[in-house]
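Residue numbers (this note's numbering): 3 to 322. By construction, the Cβ of each residue, glycine as well, lies at the ideal position given by its N, Cα and C atoms. Just so you know, these numbers come straight off a predicted model, no measurement behind them.
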(Lines of atoms letter the chains of each structure in order from A; the text may use other names.)
(Lines give C-alpha, C1' and ligand atoms only; values in the text may rest on other atoms or scores of the structure.)
Protein backbone atom coordinates (compact mmCIF):
# COMPACT_ATOMS: atom_id res chain seq x y z
CA UNK A 3 0.00 0.00 0.00
CA UNK A 4 1.45 3.35 -1.03
CA UNK A 5 2.01 6.26 1.31
CA UNK A 6 -0.62 8.26 -0.61
CA UNK A 7 -3.16 5.46 -0.20
CA UNK A 8 -2.37 5.09 3.50
CA UNK A 9 -2.94 8.83 3.91
CA UNK A 10 -6.32 8.84 2.17
CA UNK A 11 -7.89 5.48 2.99
CA UNK A 12 -8.50 6.21 6.72
CA UNK A 13 -10.52 9.24 5.64
CA UNK A 14 -12.53 7.50 2.90
CA UNK A 15 -16.06 8.86 3.54
CA UNK A 16 -19.03 6.50 3.49
CA UNK A 17 -21.10 9.18 1.65
CA UNK A 18 -19.05 8.24 -1.44
CA UNK A 19 -21.53 5.40 -1.93
CA UNK A 20 -23.99 8.07 -3.04
CA UNK A 21 -22.03 8.05 -6.31
CA UNK A 22 -23.14 4.44 -6.85
CA UNK A 23 -26.74 5.43 -6.21
CA UNK A 24 -26.44 8.23 -8.74
CA UNK A 25 -24.84 6.03 -11.38
CA UNK A 26 -27.41 3.28 -10.81
CA UNK A 27 -30.21 5.82 -11.10
CA UNK A 28 -28.77 7.09 -14.38
CA UNK A 29 -28.50 3.51 -15.67
CA UNK A 30 -32.13 2.76 -14.82
CA UNK A 31 -33.21 6.06 -16.38
CA UNK A 32 -31.45 5.16 -19.63
CA UNK A 33 -33.02 1.69 -19.54
CA UNK A 34 -36.46 3.29 -19.22
CA UNK A 35 -35.64 5.74 -22.00
CA UNK A 36 -34.57 2.90 -24.29
CA UNK A 37 -37.98 1.30 -23.69
CA UNK A 38 -39.80 4.57 -24.41
CA UNK A 39 -38.11 5.10 -27.78
CA UNK A 40 -37.76 1.37 -28.51
CA UNK A 41 -34.00 1.61 -28.93
CA UNK A 42 -31.08 -0.73 -28.24
CA UNK A 43 -29.91 -1.24 -24.67
CA UNK A 44 -26.28 -0.40 -25.45
CA UNK A 45 -25.93 2.61 -23.15
CA UNK A 46 -27.74 1.08 -20.16
CA UNK A 47 -25.71 -2.13 -20.53
CA UNK A 48 -22.44 -0.18 -20.52
CA UNK A 49 -23.56 1.88 -17.52
CA UNK A 50 -24.53 -1.31 -15.67
CA UNK A 51 -20.96 -2.57 -15.98
CA UNK A 52 -19.49 0.79 -14.98
CA UNK A 53 -21.76 1.11 -11.93
CA UNK A 54 -20.93 -2.43 -10.81
CA UNK A 55 -17.20 -1.77 -11.07
CA UNK A 56 -17.61 1.47 -9.10
CA UNK A 57 -19.46 -0.33 -6.32
CA UNK A 58 -16.88 -3.14 -6.13
CA UNK A 59 -14.04 -0.58 -5.99
CA UNK A 60 -15.67 1.42 -3.18
CA UNK A 61 -16.69 -1.73 -1.28
CA UNK A 62 -13.14 -3.10 -1.34
CA UNK A 63 -11.75 0.30 -0.33
CA UNK A 64 -14.18 0.71 2.57
CA UNK A 65 -13.66 -2.86 3.79
CA UNK A 66 -9.92 -2.12 3.75
CA UNK A 67 -10.62 0.95 5.87
CA UNK A 68 -12.69 -1.19 8.25
CA UNK A 69 -9.85 -3.70 8.56
CA UNK A 70 -7.06 -1.17 8.99
CA UNK A 71 -8.80 1.65 10.83
CA UNK A 72 -11.92 0.29 12.58
CA UNK A 73 -11.99 3.27 14.94
CA UNK A 74 -12.48 5.58 11.95
CA UNK A 75 -15.46 3.52 10.78
CA UNK A 76 -16.89 3.48 14.30
CA UNK A 77 -16.50 7.25 14.46
CA UNK A 78 -18.53 7.63 11.25
CA UNK A 79 -21.15 5.16 12.47
CA UNK A 80 -21.64 7.11 15.70
CA UNK A 81 -21.86 10.45 13.90
CA UNK A 82 -25.47 11.81 13.90
CA UNK A 83 -25.29 12.71 10.18
CA UNK A 84 -22.83 10.22 8.68
CA UNK A 85 -24.69 7.28 10.25
CA UNK A 86 -27.50 7.82 7.73
CA UNK A 87 -25.14 7.46 4.76
CA UNK A 88 -24.31 3.85 5.70
CA UNK A 89 -27.72 3.02 4.25
CA UNK A 90 -26.37 4.14 0.87
CA UNK A 91 -24.40 0.87 0.83
CA UNK A 92 -27.51 -1.30 1.21
CA UNK A 93 -29.48 0.86 -1.23
CA UNK A 94 -26.64 0.41 -3.72
CA UNK A 95 -27.01 -3.38 -3.43
CA UNK A 96 -30.76 -3.13 -4.05
CA UNK A 97 -30.17 -0.90 -7.06
CA UNK A 98 -27.56 -3.31 -8.41
CA UNK A 99 -30.12 -6.11 -8.13
CA UNK A 100 -32.41 -4.02 -10.36
CA UNK A 101 -29.61 -3.48 -12.86
CA UNK A 102 -28.81 -7.19 -13.16
CA UNK A 103 -32.37 -8.55 -12.92
CA UNK A 104 -33.00 -8.73 -16.70
CA UNK A 105 -29.85 -10.77 -17.41
CA UNK A 106 -28.96 -12.63 -14.19
CA UNK A 107 -32.04 -13.16 -12.03
CA UNK A 108 -30.29 -15.49 -9.57
CA UNK A 109 -27.49 -13.02 -8.87
CA UNK A 110 -30.00 -10.18 -8.73
CA UNK A 111 -32.05 -12.02 -6.10
CA UNK A 112 -28.92 -12.67 -4.03
CA UNK A 113 -27.98 -8.97 -4.17
CA UNK A 114 -31.53 -8.01 -3.23
CA UNK A 115 -31.64 -10.36 -0.23
CA UNK A 116 -28.32 -9.10 1.13
CA UNK A 117 -29.33 -5.50 0.48
CA UNK A 118 -32.74 -5.88 2.12
CA UNK A 119 -31.35 -7.54 5.26
CA UNK A 120 -28.62 -4.91 5.56
CA UNK A 121 -31.09 -2.09 4.97
CA UNK A 122 -33.53 -3.36 7.58
CA UNK A 123 -30.73 -3.58 10.15
CA UNK A 124 -29.50 -0.09 9.26
CA UNK A 125 -33.04 1.30 9.47
CA UNK A 126 -33.52 -0.21 12.91
CA UNK A 127 -30.09 1.06 14.00
CA UNK A 128 -30.83 4.60 12.83
CA UNK A 129 -34.24 4.67 14.49
CA UNK A 130 -32.83 3.22 17.71
CA UNK A 131 -30.24 6.00 17.63
CA UNK A 132 -32.93 8.65 17.12
CA UNK A 133 -35.16 7.27 19.89
CA UNK A 134 -32.35 6.59 22.37
CA UNK A 135 -31.90 7.88 25.89
CA UNK A 136 -30.12 11.04 24.73
CA UNK A 137 -32.23 13.69 22.97
CA UNK A 138 -31.15 14.56 19.42
CA UNK A 139 -30.17 18.19 18.83
CA UNK A 140 -32.53 19.82 16.36
CA UNK A 141 -29.52 20.91 14.27
CA UNK A 142 -28.76 17.25 13.49
CA UNK A 143 -32.02 16.87 11.57
CA UNK A 144 -31.38 17.15 7.84
CA UNK A 145 -32.56 15.50 4.59
CA UNK A 146 -29.95 12.73 4.99
CA UNK A 147 -32.27 11.28 7.63
CA UNK A 148 -34.48 10.13 4.74
CA UNK A 149 -31.84 7.69 3.45
CA UNK A 150 -32.16 4.80 5.95
CA UNK A 151 -35.91 4.99 6.55
CA UNK A 152 -37.40 6.07 3.25
CA UNK A 153 -34.98 3.84 1.33
CA UNK A 154 -37.45 1.08 2.21
CA UNK A 155 -39.74 2.46 -0.51
CA UNK A 156 -37.20 1.28 -3.10
CA UNK A 157 -37.33 -2.38 -2.03
CA UNK A 158 -40.62 -3.28 -3.81
CA UNK A 159 -39.26 -2.32 -7.24
CA UNK A 160 -37.28 -5.56 -7.63
CA UNK A 161 -39.24 -7.29 -4.85
CA UNK A 162 -42.44 -7.52 -6.90
CA UNK A 163 -40.50 -8.97 -9.84
CA UNK A 164 -39.22 -11.70 -7.50
CA UNK A 165 -42.82 -12.49 -6.49
CA UNK A 166 -42.34 -11.31 -2.90
CA UNK A 167 -45.48 -9.19 -2.79
CA UNK A 168 -46.29 -9.09 0.93
CA UNK A 169 -42.67 -8.44 1.87
CA UNK A 170 -42.66 -5.60 -0.64
CA UNK A 171 -45.77 -4.10 0.95
CA UNK A 172 -44.11 -4.39 4.38
CA UNK A 173 -41.13 -2.27 3.36
CA UNK A 174 -43.21 0.15 1.29
CA UNK A 175 -45.42 0.82 4.33
CA UNK A 176 -42.41 1.58 6.52
CA UNK A 177 -40.96 4.00 4.02
CA UNK A 178 -44.22 5.77 3.24
CA UNK A 179 -45.29 6.42 6.83
CA UNK A 180 -41.89 7.55 8.06
CA UNK A 181 -41.43 9.74 4.98
CA UNK A 182 -44.40 11.78 6.23
CA UNK A 183 -42.99 11.87 9.77
CA UNK A 184 -39.50 12.91 8.65
CA UNK A 185 -40.82 15.46 6.16
CA UNK A 186 -42.60 17.19 9.05
CA UNK A 187 -39.46 17.18 11.21
CA UNK A 188 -37.20 18.41 8.41
CA UNK A 189 -39.48 21.32 7.49
CA UNK A 190 -39.85 22.22 11.17
CA UNK A 191 -36.06 22.50 11.35
CA UNK A 192 -35.92 24.55 8.10
CA UNK A 193 -38.56 27.03 9.25
CA UNK A 194 -37.81 27.53 12.93
CA UNK A 195 -34.09 26.86 13.32
CA UNK A 196 -30.74 27.70 11.75
CA UNK A 197 -30.31 26.92 8.04
CA UNK A 198 -28.32 23.93 6.90
CA UNK A 199 -24.53 24.32 6.79
CA UNK A 200 -23.15 24.96 3.31
CA UNK A 201 -21.78 21.43 3.08
CA UNK A 202 -25.27 19.97 3.63
CA UNK A 203 -27.27 22.36 1.43
CA UNK A 204 -27.23 20.07 -1.65
CA UNK A 205 -28.89 17.33 0.41
CA UNK A 206 -32.15 19.25 -0.02
CA UNK A 207 -32.43 17.33 -3.30
CA UNK A 208 -33.02 14.16 -1.29
CA UNK A 209 -36.55 15.47 -0.62
CA UNK A 210 -37.38 14.62 -4.25
CA UNK A 211 -36.50 10.93 -3.96
CA UNK A 212 -39.33 9.60 -1.71
CA UNK A 213 -42.30 10.74 -3.87
CA UNK A 214 -40.52 9.81 -7.12
CA UNK A 215 -39.51 6.34 -5.94
CA UNK A 216 -42.83 6.01 -4.10
CA UNK A 217 -44.69 6.59 -7.37
CA UNK A 218 -42.64 3.88 -9.10
CA UNK A 219 -43.13 1.44 -6.22
CA UNK A 220 -46.87 2.12 -6.09
CA UNK A 221 -47.46 1.38 -9.78
CA UNK A 222 -45.25 -1.71 -9.41
CA UNK A 223 -47.42 -2.92 -6.52
CA UNK A 224 -50.81 -1.96 -7.97
CA UNK A 225 -50.15 -2.09 -11.71
CA UNK A 226 -51.78 1.25 -12.53
CA UNK A 227 -51.49 5.01 -12.30
CA UNK A 228 -54.39 5.69 -9.96
CA UNK A 229 -55.28 8.73 -7.83
CA UNK A 230 -52.68 8.01 -5.14
CA UNK A 231 -49.97 7.48 -7.74
CA UNK A 232 -50.80 10.88 -9.20
CA UNK A 233 -50.58 12.47 -5.73
CA UNK A 234 -47.11 10.99 -5.24
CA UNK A 235 -45.93 12.10 -8.67
CA UNK A 236 -47.21 15.66 -8.42
CA UNK A 237 -45.73 16.11 -4.94
CA UNK A 238 -42.44 15.13 -6.57
CA UNK A 239 -43.07 17.59 -9.40
CA UNK A 240 -43.63 20.41 -6.91
CA UNK A 241 -40.43 19.55 -5.02
CA UNK A 242 -38.55 19.45 -8.33
CA UNK A 243 -39.75 22.99 -9.05
CA UNK A 244 -38.70 24.05 -5.55
CA UNK A 245 -35.20 22.69 -6.21
CA UNK A 246 -35.06 24.60 -9.50
CA UNK A 247 -35.95 27.81 -7.63
CA UNK A 248 -33.13 27.15 -5.15
CA UNK A 249 -30.62 26.11 -7.83
CA UNK A 250 -29.02 29.57 -8.35
CA UNK A 251 -28.16 29.71 -4.63
CA UNK A 252 -26.78 26.17 -4.74
CA UNK A 253 -24.56 26.96 -7.73
CA UNK A 254 -22.77 29.63 -5.70
CA UNK A 255 -21.61 26.99 -3.22
CA UNK A 256 -18.17 25.35 -3.48
CA UNK A 257 -18.04 21.72 -4.57
CA UNK A 258 -18.76 19.13 -1.88
CA UNK A 259 -19.36 15.40 -2.20
CA UNK A 260 -22.87 16.19 -0.97
CA UNK A 261 -23.60 17.53 -4.48
CA UNK A 262 -24.11 13.87 -5.42
CA UNK A 263 -27.33 14.10 -3.41
CA UNK A 264 -28.85 15.62 -6.56
CA UNK A 265 -28.01 12.64 -8.77
CA UNK A 266 -30.29 9.80 -7.65
CA UNK A 267 -33.42 11.89 -6.88
CA UNK A 268 -33.30 13.64 -10.27
CA UNK A 269 -32.72 10.30 -12.03
CA UNK A 270 -35.66 8.78 -10.12
CA UNK A 271 -37.90 11.69 -11.08
CA UNK A 272 -36.96 11.33 -14.75
CA UNK A 273 -37.85 7.62 -14.58
CA UNK A 274 -41.14 8.42 -12.82
CA UNK A 275 -42.02 10.94 -15.52
CA UNK A 276 -41.34 8.49 -18.36
CA UNK A 277 -43.23 5.70 -16.59
CA UNK A 278 -46.17 8.03 -15.94
CA UNK A 279 -46.28 8.74 -19.65
CA UNK A 280 -46.07 5.05 -20.58
CA UNK A 281 -48.71 3.81 -18.13
CA UNK A 282 -51.15 6.70 -18.62
CA UNK A 283 -50.61 6.94 -22.41
CA UNK A 284 -49.44 10.56 -22.20
CA UNK A 285 -46.85 11.21 -24.95
CA UNK A 286 -46.11 14.69 -23.59
CA UNK A 287 -45.13 13.18 -20.24
CA UNK A 288 -42.85 10.70 -22.00
CA UNK A 289 -41.18 13.58 -23.85
CA UNK A 290 -40.69 15.51 -20.61
CA UNK A 291 -39.14 12.39 -19.11
CA UNK A 292 -36.67 12.10 -21.97
CA UNK A 293 -35.72 15.77 -21.50
CA UNK A 294 -35.17 15.08 -17.81
CA UNK A 295 -33.04 12.07 -18.76
CA UNK A 296 -30.81 14.36 -20.83
CA UNK A 297 -30.52 16.80 -17.91
CA UNK A 298 -29.76 13.92 -15.53
CA UNK A 299 -26.99 12.70 -17.83
CA UNK A 300 -25.42 16.17 -18.02
CA UNK A 301 -25.69 16.53 -14.24
CA UNK A 302 -24.03 13.21 -13.43
CA UNK A 303 -21.29 13.58 -16.04
CA UNK A 304 -20.54 17.00 -14.54
CA UNK A 305 -20.51 15.60 -11.01
CA UNK A 306 -18.21 12.75 -12.05
CA UNK A 307 -15.74 15.12 -13.73
CA UNK A 308 -15.77 17.49 -10.75
CA UNK A 309 -15.27 14.58 -8.34
CA UNK A 310 -12.29 13.28 -10.31
CA UNK A 311 -10.81 16.78 -10.33
CA UNK A 312 -11.28 17.05 -6.56
CA UNK A 313 -9.73 13.62 -6.04
CA UNK A 314 -6.65 14.55 -8.07
CA UNK A 315 -6.33 17.78 -6.07
CA UNK A 316 -6.49 15.86 -2.79
CA UNK A 317 -9.79 17.47 -1.78
CA UNK A 318 -11.44 14.10 -1.06
CA UNK A 319 -10.50 11.58 1.63
CA UNK A 320 -8.88 14.11 3.91
CA UNK A 321 -9.52 14.89 7.58
CA UNK A 322 -12.46 17.22 8.14
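Assigned secondary structure, residue i (DSSP; H/G/I helix, E/B strand, else coil)
i	result
residue 316	coil
residue 133	coil
residue 283	coil
residue 81	coil
residue 144	coil
residue 15	coil
residue 157	coil
residue 301	helix
residue 138	coil
residue 199	coil
residue 164	coil
residue 213	helix
residue 321	coil
residue 205	helix
Residue i burial status per 10 Å Cβ neighbour count (16 or more: buried)
i	result
residue 272	buried
residue 230	exposed
residue 184	buried
residue 240	exposed
residue 279	buried
residue 158	buried
residue 44	exposed
residue 194	exposed
residue 225	exposed
residue 80	exposed
residue 247	exposed
residue 197	exposed
residue 1	Here the chain comprises residues numbered 3 to 322, so residue 1 is not present and cannot be evaluated.
residue 118	buried
residue 234	buried
Residue span of the alpha helix (DSSP H) that contains residue i, given as start and end
i	result
residue 180	167-194
Cutoff 8 Å: residue i Cβ touching any chain B Cβ
i	result
residue 138	In the displayed structure, chain B is absent; only one protein chain is listed.
*Taking only runs of the alpha helix (DSSP H) that begin and end inside the region 222-264, which ones reach a length of at least 4 residues, in chain order?*
229-253
*Cβ contact (3+ pairs, closer than 8 Å) linking the region 40-55 and the region 266-286*: no
*Sufficient close CB pairs (3 or more, under 8 Å) joining the region 214-223 to the region 187-196*: no
*Would you call the region 51-68 and the region 118-134 touching, i.e. three or more CB-CB distances under 8 Å?*
no
_Please give the ranges of any alpha helix (DSSP H) in the region 30-114, keeping only runs that are unbroken, at least 4 residues long and fully inside the region._
44-70, 72-79, 84-87 and 89-102
*Quick check: the region 66-82 against the region 99-116, are there 3 or more CB pairs under 8 Å?*
no
*asked:* Three Cβ pairs or more, each shorter than 8 Å: is that satisfied between the region 254-265 and the region 190-205?
replied: yes
_Between the region 9-23 and the region 313-320, can you find at least three pairs of beta-carbon atoms closer than 8 Å?_
yes
*Please confirm if the region 72-92 is in contact with the region 28-41, defined as three or more CB-CB distances below 8 Å between the two stretches.*
no
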